[in-house]
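Visitor: First residue of the sequence shown: 164, per our numbering; consecutive thereafter. Backbone N, C-alpha and C define an ideal beta-carbon position, used for all residues, glycine too. All of these numbers come straight from a predicted model, not from anything done at the bench. Can you keep this structure in mind? I'll have questions shortly.
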Amino acid sequence: MSTIARDTPHSALDEPAWQAVCKTAAEQAQRGCGLSWDHWVTLFSSEIDAQVSRLPESQRAQALDIAAQEWDYATPAERRETQDWLAANGFCTHGIELGCCPAGCGS
């Protein structure tokens, strides 16, 4: 996956480059999610977390805002909340009913 090169700490976010990073992360998540929305959000958001950590601190909030608005990025706290709900309601970590997950969750 391409990354955004570090720049001076006060530089502006290169939005087209960041959108390309988000698009690539979304495509990779799509290939690995097994058509589970919850799992897609986890895969995509985890990759965005890794990529945003490479940006200067001053650009991170804007980058995460773009990822949330355009690609449904979920924060680590939101992902934990989703996982807690899934577990409490009979779903595996992939968001699929227990016993029905192709990865063998709950079998």
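(1) Under the rule that 16 or more other beta-carbon atoms within 10 Å means buried, what is Asp201, buried or exposed?
(2) Where does Leu198 land, buried or exposed, given buried means 16+ other C-beta within 10 angstroms?
(3) Out of Gly253, Lys186, Val204 and Ala183, state which residue places its alpha-carbon closest to the alpha-carbon of Ala240.
(4) What does DSSP give as the partner residues of Trp260 in its beta bridges?
(5) Is the distance from the Cβ of Ile229 to the Cβ of Cys185 below 9 Å?
Guide: The relevant details are as follows:
(1) By one-based count along the sequence shown, residue 201 stands at place 38. Answer is buried; the Cβ neighbour count reaches 16.
(2) Residue 198 sits at position 35 when you count from the first residue of the sequence shown. Answer is exposed; the Cβ neighbour count stays below 16.
(3) Position 77 of the sequence shown, counted from the start, is the residue given in the question as residue 240. Out of Gly253, Lys186, Val204 and Ala183, Val204 has the C-alpha closest to the C-alpha of Ala240.
(4) Numbered from 1 along the sequence shown, position 97 holds the residue referred to as residue 260. In the sequence as presented, Trp is not what sits at residue 260; that position holds Glu. DSSP output for Glu260 lists Phe254 as bridge partner(s).
(5) For this step, residue 229 is matched to residue 66 along the sequence shown. For this step, residue 185 is matched to residue 22 along the sequence shown. Cβ distance < 9 Å, so Ile229 and Cys185 count as in contact.
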